[in-house]
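2 protein chains.
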Amino acid sequence: MRYLEDFAVGQTYESATKQVSSDEIKAYAREFDPQPFHLDEVAAGHSIFGGLAASGWHTASLTMGLLVRGDLDPAGGFIGAGVDELRWPGPVRPGDELHLVCEVLETRESRSRPTHGLMRVRVNTLNQRNETVQTFVATLLVQRKPR
Amino acid sequence: MRYLEDFAVGQTYESATKQVSSDEIKAYAREFDPQPFHLDEVAAGHSIFGGLAASGWHTASLTMGLLVRGDLDPAGGFIGAGVDELRWPGPVRPGDELHLVCEVLETRESRSRPTHGLMRVRVNTLNQRNETVQTFVATLLVQRKPR
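If you read the protein sequences in the order shown, they are chains H and U. Per our numbering, residue 10 is the first one in the first sequence, and the count goes up by one each step. Per our numbering, residue 10 is the first one in the second sequence, and the count goes up by one each step.
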């Protein structure tokens with residue numbers, strides 16, 4: 010478990026990998042993003058994606074799973090104060106294996122909560138060819154080391 | 010179905026409502042965000058949330074479901090070029106009923122794709138007391154009216 014003081018700008022953290030199946034892409038889409046290009050190979054083939062692709066919010070959800078199970082491990086858990094610059098530069102396809110590369114951009118004390126600080130982290134999600142399929146900057150609320 | 014030319018700055022769109030159950034909060038969390046405050050009432054009571062709360066990415070996913078099933082209905086579907094300023098100003102609790110209020114902020118032609126344009130939309134997710142539980146600005150790729 011890492012307190013705010015254990016993080017420093019420029020540190021990087023990687024994650025385990027997570028393979029995404031066609032069934033998972035469709036199951037997420039049925040519940041949360043029922044658009045043809047996330048649900049059906051044939052329809053997806055005729056869409057702007059040119060084939061079945063995961064919902065961007067599915068990729069974000071899978072990324073959260075990799076973060077929570079990874080070794081960044083902020084004290085108090087992952088409490089998101091906000092996310093900026095969320096982009097999906099490439100599609101996630103059935104069978105793709107995702108992993109994360111995270112870089113600490115900034116740490117600072119919190120004015121309103123003396124027990125906590127804020128940390129900005131760039132979270133990049135890459136596939137098995139090291140192509141970036143998603144990127145965002147998260148601002149996390151992280152506990153400070155107890156005195 | 011609305012083409013880029015059918016949207017104008019300042020237009021607002023609302024959505025249907027979606028109630029969120031404790032079981033849904035926990036099921037999403039087990040798969041994507043397995044942190045105690047999303048999984049277990051007792052642990053959540055001792056956390057910064059003071060009770061079970063939905064993962065922010067779950068709220069984002071539910072928001073996408075309301076968007077896709079709503080009447081904004083952009084031609085070509087919801088193709089996200091990016092999301093900015095994603096914030097969760099309040100928690101989503103079991104039993105909460107969510108709905109959206111969306112406002113068109115900007116529409117413009119795409120330089121790289123003459124058949125498409127880009128639209129920026131503020132998407133606010135509110136609960137049954139009209140408290141904002143999530144807000145973001147989406148940039149969508151929208152088809153232009155065929156000549």
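Beta carbons are placed, not taken as given, at the ideal position from N, Cα and C, and that holds for glycine.
Report task. Over the uninterrupted beta strand (DSSP E) stretch that includes D93 (chain U), give me the two end residues. Result -> 88 to 96
### Query
Since G147 (chain U) sits in a beta bridge, which residues does DSSP pair it with?
One detail in the question is off: residue 147 (chain U) reads as Ala in this sequence, not Gly. BP columns for A147 (chain U) point to U:V92, U:V130.
Next on the checklist: Run through chain U and tell me which residues come within less than 7 Å of Q44 (chain H), C-beta to C-beta.
Outcome noted: V77, G86, F87
Quiz prompt | Whole-Å CB distance - P43 (chain H) paired with V77 (chain U), under 8 Å assumed | solution = 6 Å
Check your understanding: Under three-state DSSP, which class holds R39 (chain H)?
Key -> helix
Any C-beta of chain U under 8 Å from that of A69 (chain H)
yes
- For D80 (chain U), is the classification buried or exposed, using 16 other Cβ atoms within 10 angstroms of its Cβ as the cut-off for buried? exposed
For this session: Could you name the residues of the same chain whose beta carbon sits closer than 6 Å to that of H67 (chain U), not counting the 5 residues immediately before and after it, in chain order?
Result: Y37
Notebook entry, point to check: Are the C-beta atoms of S31 (chain U) and some chain B residue less than 8 Å apart?
Noted result: Annotation note: the requested chain B is absent from the structure, which comprises protein chains H and U.
C-beta contact flag for V29 (chain U) and D105 (chain U) at 8 Å: yes
### Query
Contact check, K27 (chain H) vs L71 (chain H) under 8 Å by CB: the rounded distance?
6 Å
*Taking the C-alpha atoms as reference points, what is the distance between L75 (chain H) and M10 (chain U)?*
37 Å
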